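Top to bottom, those sequences are chains A and B. Quick note: the first sequence, position 128, residue 594 per the working numbering, numbers continuous. Quick note: the second sequence, position 180, residue 646 per the working numbering, numbers continuous. Comments concern the structure below.
There are 2 protein chains.
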Amino acid sequence: MALKHTILAFLSRQPLSGYDVAKEFALGFGSCFWKASQQQVYAELTKLEQQGSVTYEAISQLGRLDKKIYSITTQGYQELTDWLTKPCEPTAIREDLGVMGLAGHLVPSEVVIREIERRRQLHVEMVQQVKKLDEHFAQHINSLELKDLYMHLIIRRGIRYQEDWVAWCNEALQAIKQAVK
Amino acid sequence: MALKHTILAFLSRQPLSGYDVAKEFALGFGSCFWKASQQQVYAELTKLEQQGSVTYEAISQLGRLDKKIYSITTQGYQELTDWLTKPCEPTAIREDLGVMGLAGHLVPSEVVIREIERRRQLHVEMVQQVKKLDEHFAQHINSLELKDLYMHLIIRRGIRYQEDWVAWCNEALQAIKQAVK
DNA sequence: TTTTTGTACTCAAATATTTGAATACAAAAA
DNA sequence: TTTTTGTATTCAAATATTTGAGTACAAAAA
């Protein structure tokens with residue numbers, strides 16, 4: 467389970483508030499490989515702090531709860547590099563649309579086509595979004611230091627994934643339209 | 467959450483025991499789009515039976531627990547087609563390897579390379595496995611009825627996914643080896 | 001100036017998934 | 001003949017994720 471280690475990895479780059487970590491998951495680099503809600507992030511940070519993997523500096527704000535700036539500890543850093551060194555397994559695939567393969571014929575083909583067209587549109591938009599994360603790297607692509615290259619490659623993974631979905635949607639739509647013609 | 471509807475979809479094709487449904491997830495068509503453990507399947511079938519979406523016929527076996535053959539009910543069938551008719555969202559991406567994009571530079575590049583090579587091998591094997599599911603369809607590919615075409619297309623999605631991973635691994639390995647040279 | 005958006009954090013409950021153990025017999029392999 | 005593999009199901013605990021509500025203020029937009 468990589469929630470812990472993704473958070474540690476963010477904090478290994480710079481101290482962040484829970485709010486900022488959550489934002490990285492929702493809109494930043496995190497969005498291309500791990501989904502986590504704000505509540506999950508806050509809960510995990512509290513746990514990580516209790517376990518000694520991170521510490522925080524409380525910044526008091528008049529009239530409301532303290533803002534907490536979290537940093538990774540030596541222990542947390544060790545946990546992160548240990549984890550990175552161990553082999554990791556691919557995440558299990560879970561895709562609602564797959565049910566169509568078992569029971570798509572129980573609904574009109576228009577429903578299936580509409581659904582795949584919707585998906586296509588969604589992934590087209592995702593390609594654009596993920597490509598934005600890559601903009602900074604795409605320019606000096608041949609002179610990236612390793613740190614940036616790794617990030618670029620993970621973004622590339624995200625772009626490929628979304629593009630492959632679009633390509634499959636095209637293939638599937640063509641085949642279905644051909645078959646129902 | 468498609469566990470319920472994937473099970474209903476299996477049962478819409480033929481009555482099955484919990485054991486057989488679990489096998490479909492582990493080794494059969496289910497394996498290319500949804501992961502579920504045997505315990506999950508049994509628990510879900512019990513719940514589905516209580517809610518009236520499925521029924522079972524108990525087959526007594528001397529000396530051990532009854533074998534239960536589950537069938538979908540009219541209500542379950544309705545729930546399935548209703549669900550298929552509603553738009554579904556793509557599953558959130560969760561990929562351990564993504565952490566390398568944030569913190570891969572904290573471990574030796576050999577570790578990153580070794581990990582991607584391992585992944586490559588894994589996905590090469592997955593391509594072979596998923597292609598086996600397609601064998602039956604791949605032959606008379608141009609004369610599939612809709613029911614088979616849908617299943618074929620979902621398998622194609624699985625093949626593409628695994629092949630795209632292999633391609634990315636190749637791309638990434640080349641770029642990293644180039645950079646550390 | 002009112003409303004919306006953004007910053008920043010907390011609590012609780014429900015649902016889903018993973019992990020581990022247990023029972024029991026048949027058939028096939030060593 | 002003993003061991004392993006396959007069939008078939010159940011229970012319990014731990015962990016992870018989702019969903020929904022609530023507090024509070026600042027800044028920007030309408």
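Beta carbons: idealized from backbone N, C-alpha and C, even for Gly. Being a predicted model, the structure only gives us computed values, none of them experimental.
{"Check": "Where the beta strand (DSSP E) through I559 of chain B begins and ends", "Outcome": "Run containing I559 of chain B: none; DSSP gives neither H nor E here."}
{"Check": "Exposure of E523 of chain A, with buried meaning 16 or more beta-carbon neighbours within 10 Å", "Outcome": "exposed"}
{"Check": "CA nearest to the CA of T521 of chain A, picked from A:W634, A:G494, A:L477, A:Q595", "Outcome": "A:L477"}
{"Check": "Whole-angstrom distance between I621 of chain B and A492 of chain B, CA atom to CA atom", "Outcome": "15 Å"}
{"Check": "Selected residue, minimal CA-CA separation from S535 of chain A, among A:H471, A:H618, A:G484, A:I473", "Outcome": "In the sequence as presented, Ser is not what sits at residue 535 of chain A; that position holds Ile. The option with the nearest alpha carbon to I535 of chain A is A:G484."}
{"Check": "Interface partners of G529 of chain A on chain B, CB under 7 Å", "Outcome": "Simply none; closest approach about 35 Å."}
{"Check": "CB contact below 8 Å: K613 of chain B versus chain A", "Outcome": "yes"}
{"Check": "Any C-beta of chain B under 8 Å from that of Y536 of chain A", "Outcome": "no"}
{"Check": "Range of the contiguous beta strand (DSSP E) that encloses E545 of chain A", "Outcome": "Here E545 of chain A belongs to no beta strand (DSSP E); instead the alpha helix (DSSP H) covers 540 to 551."}
{"Check": "Member of B:E611, B:E581, B:S609, B:E545 whose CA lies at the smallest distance from the CA of L514 of chain B", "Outcome": "B:E545"}
{"Check": "beta-carbon G624 of chain B near the ligand ADP non-hydrogen atom, thresh 7 Å", "Outcome": "The ligand content of the structure shown is nil, which means the ligand ADP is not present either."}
{"Check": "Contact the stretch 502 to 517 of chain B vs the stretch 575 to 588 of chain B: 3+ CB pairs below 8 Å", "Outcome": "no"}
{"Check": "S519 of chain B, DSSP secondary structure in three states", "Outcome": "coil"}
{"Check": "contact_flag[the stretch 624 to 635 of chain B, the stretch 583 to 603 of chain B] where n(CB pairs < 8 Å) is 3 or more", "Outcome": "yes"}
{"Check": "Rounded separation between G657 of chain A and F499 of chain B - CA only", "Outcome": "The question about residue 657 of chain A has no answer here: the residues shown for chain A are numbered 467 through 647."}
{"Check": "Residue environment, K552 of chain A, which counts as buried when at least 16 other CB atoms sit within 10 Å", "Outcome": "exposed"}
{"Check": "8 Å Cβ cutoff, P481 of chain B in contact with chain A", "Outcome": "no"}
{"Check": "Closer than 8 Å to chain A by CB, D562 of chain B", "Outcome": "yes"}
{"Check": "Cβ neighbour criterion (16 or more within 10 Å) applied to K470 of chain B", "Outcome": "buried"}
{"Check": "Residue(s) in a DSSP beta bridge with W654 of chain A", "Outcome": "As displayed, chain A neither begins before 467 nor continues past 647, which places residue 654 of chain A out of reach and without an answer."}
{"Check": "Residues that DSSP places opposite Q527 of chain A in a beta bridge", "Outcome": "A:R530"}
{"Check": "Interface partners of R584 of chain B on chain A, CB under 8 Å", "Outcome": "P553"}
{"Check": "Proximity of Q504 of chain A and S519 of chain A at Cβ, strictly below 8 Å", "Outcome": "no"}
{"Check": "Beta-carbon proximity list for T472 of chain B, same chain, < 7 Å, skipping 5 on both sides", "Outcome": "G496, W500"}
{"Check": "Cβ neighbours of L474 of chain B in the same chain (closer than 7 Å, five flanking residues each side left out)", "Outcome": "S519, I538, G542, E545, L546"}
{"Check": "Own chain partners of K533 of chain B with C-beta closer than 7 Å, once the 5 adjacent residues on each side are dropped", "Outcome": "S483, I525, Q527"}
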